[in-house]
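Student: Please see the structure below; I have some questions.
Numbering (my numbering), first residue to last: 51 to 228.
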């Protein structure tokens, strides 16, 4: 009988230890989701502010007046945001802004103002589309927890990400990457 009691005690200890470890891992996972979700929320706000169409229009107006430095600062900021801020599927939209911005710079430096204007319009259209996606994210997740931000933007099958993917396909179908 002592052998059976010993086995029973060992099994109970293992079960309690396993439950404790699972509880600890559950809390750690939730903490990680909260942290990443908070990063998504902060990234969203910073990207939304910097991708504002009025800011872009102002920078382009200044470039047309010869202020190259302001456009270069803007381009560096956008490149930095695109490379360092993650927002799930919406990253596709923000990455799609880089080519027209680089083309604008090249066209301006070469004095090719026809292509400059075409690329300004191309970047503006993409900026408007990206802002629509960012607004959709804000409307959907504004009052939600950080964990919900993580779950929605990390899950490719979430309703929000499906909507963003559909918009992406509609906007750029047949246009190629750039």
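Here a beta-carbon is modelled for each residue, glycine too, at the ideal position from N, C-alpha and C. This one's a predicted model, so the numbers in the text were calculated from it and none came from an experiment.
To the nearest angstrom, report how far apart residue 155 and residue 106 are at their CA atoms.
Tutor: Approximately 13 Å, taken between the alpha carbons.
Student: Between residue 203 and residue 210, what straight-line distance do the alpha-carbon atoms span, to the nearest angstrom?
Tutor: Their Cα atoms are separated by approximately 8 Å.
Student: Are there 16 or more other CB atoms within 10 angstroms of the CB of residue 121, so buried, or fewer, so exposed?
Tutor: Counting Cβ neighbours within 10 Å, residue 121 comes out buried, since at least 16 surround it.
Student: Among the residues of its own chain, which have a CB less than 7 Å from the CB of residue 91, if the five just before and after it don't count?
Tutor: Cβ neighbours of residue 91 beyond the five flanking positions: 196 and 199.
Student: What residue ranges within the segment 100 to 149 form continuous alpha helix (DSSP H) runs of no fewer than 4 residues, ordered along the chain?
Tutor: If we require 4 residues or more, the alpha helix (DSSP H) runs fully inside the segment 100 to 149 come out as 103 to 114, 118 to 134 and 141 to 145.
Student: Helix or strand or just coil, what does DSSP make of residue 176?
Tutor: Of the three classes helix, strand and coil, the one that applies to residue 176 here is helix, per DSSP.
Student: Grab the span of the alpha helix (DSSP H) containing residue 196 for me, first residue to last.
Tutor: Taken as a continuous stretch (DSSP letters only), the alpha helix (DSSP H) holding residue 196 covers 196 to 204.
Student: Please state the DSSP three-state secondary structure of residue 162.
Tutor: Three-state DSSP puts residue 162 in coil, outside helix and strand.
Student: Helix, strand or coil for residue 193, going by three-state DSSP, please let me know.
Tutor: Note: residue 193 maps to coil in three-state DSSP.
Student: What is the rounded straight-line gap between the Cα of residue 87 and the Cα of residue 191?
Tutor: Distance between the alpha carbons of residue 87 and residue 191 is about 11 Å.
Student: Roughly how many angstroms separate the alpha carbons of residue 71 and residue 84, rounded to a whole number?
Tutor: Straight-line Cα distance between these residues: approximately 20 Å.
Student: In whole angstroms, what separates the C-alpha of residue 119 from that of residue 109?
Tutor: Cα to Cα, the separation comes out at about 10 Å.
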